[in-house]
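Novice: My questions all concern the structure below.
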Amino acid sequence: MAGVFIFMAIVAGLLGGLAANDIAKTFIIGCQSLVYGALIVGMARCISVILENGKLLDTVVNGLARVC
-8 MAGVFIFMAI VAGLLGGLAA NDIAKTFIIG CQSLVYGALI VGMARCISVI LENGKLLDTV
52 VNGLARVC
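The sequence shown begins at -8 in the working numbering and counts up by one.
Structure, rendered in structure tokens:
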């Protein structure tokens, strides 16, 4: 899916008359706003995997449910 996104960005830039350097600069500027969200999602998944593999996720969820 990411490959299709990159390919379409290049095609759109070429059809718009941009040079390859301008396409790359514009693409990087557009991706900069997505990096923060991707890092947050990645870290959340990392924590979830660690809790699942350590058999702690159910205990944490149960404890939080009892507090609320």
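Note that CB positions come from ideal geometry on N, CA and C, so glycine has one too.
These numbers come from a predicted model, not from an experiment.
Alpha carbon to alpha carbon, how far is C37 from A10?
Specialist: Going by the C-alpha atoms only, they are around 39 Å apart.
Novice: Can you give me the C-alpha to C-alpha distance between I19 and V26, rounded to a whole angstrom?
Specialist: Each residue's alpha carbon lies about 10 Å from the other.
Novice: Can you find the residues in the same chain that come closer than 6 Å, C-beta to C-beta, to A56, ignoring five residues on each side of it along the sequence?
Specialist: Excluding residues within five positions, none has a Cβ falling inside 6 Å.
Novice: How is the alpha helix (DSSP H) around L9 delimited, first residue to last?
Specialist: Unbroken run through L9: none, as it is neither H nor E.
Novice: When you compare only the Cα positions, how much space is there between L5 and A15?
Specialist: L5 and A15: Cα-Cα distance of roughly 11 Å.
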